[in-house]
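Report on the following structure.
Numbering (the numbering used here), first residue to last: 746 to 937.
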């Protein structure tokens, strides 16, 4: 095995262990869920996305989540689209294949926090949608870190259009090209 790939895999295992051990005080669920509900300020939120959860919850296509702390989640990002659409993100990774492991942290967007998160591999933030009103959270976002588990082509037309990026080859490790928006201030737009 190539030494750099072995080093990246070791770093990934250490990252997952650190996240779990840093959050032992929280009461986590024991399974990854698509359409997870996030409670903030006595309100329920979902990750923005199509309503394809088990009970119509919204979520990012192909993602499953495990709460590991009050505002921290681990994720699995599969090559699956909304409502099970096959090969959504990649044409060569295999339908339903695990593409990334993820870490997500719920926090505000500020210039200082954006730089801090970027320096730790959280290059993309995602909108949280109120489950009852359909409105975006007024101040908080979900900071995402994508860690690729294999080499594949990120070439799905819908995700690329949404992320505003060109197709590229992903290598194992933190993916700094997956829809970087860390430096764009969060300004939620209410839907009508």
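C-beta atoms are modelled at their ideal positions from N, C-alpha and C, and glycine is treated no differently.
With three or more CB-CB distances shorter than 8 Å, the segment 853-862 counts as touching the segment 882-891. Looking at the DSSP output, residue 898 sits in a beta bridge with 914.
For residue 857, the enclosing alpha helix (DSSP H) has its first and last residue at 856-864. Judged by their CB atoms, residue 879 and residue 849 are not nearer to each other than the 7 Å cut-off. Burial check for residue 805: the Cβ neighbour count within 10 Å reaches 16 or more, so the residue is buried. For the set 833, 924, 874 and 851, the Cα lying nearest the Cα of residue 934 is the one of 874.
Between residue 847 and residue 822, the gap from beta carbon to beta carbon is short of 7 Å. A straight line joining the alpha-carbon of residue 826 with that of residue 919 spans about 22 Å. Classified as buried, residue 838 has 16 or more neighbouring CB atoms from the shown chains inside 10 Å of its CB. Note: residue 848 is bridge-paired with 819 and 890 in the DSSP secondary-structure output. The criterion of a C-beta distance shorter than 7 Å is satisfied by residue 900 and residue 836.
Around the beta carbon of residue 802, 16 or more other beta carbons sit within 10 angstroms, so the residue counts as buried. In this structure, 790 is the residue among 924, 790 and 906 with its C-alpha nearest to the C-alpha of residue 884.
DSSP places residue 779 outside any beta strand (DSSP E), giving it a letter other than H or E. DSSP places residue 814 in the strand class (E or B) of the three-state scheme. Secondary structure note for residue 788: its beta strand (DSSP E) is the uninterrupted segment 788-792.
Taking C-beta atoms as the reference points, residue 876 and residue 896 fail to come closer than 7 Å.
A check of alpha carbon separations from residue 777 across 811, 785 and 817 identifies 811 as the nearest. For residue 872, the uninterrupted beta strand (DSSP E) run begins and ends at 869-875, by DSSP.
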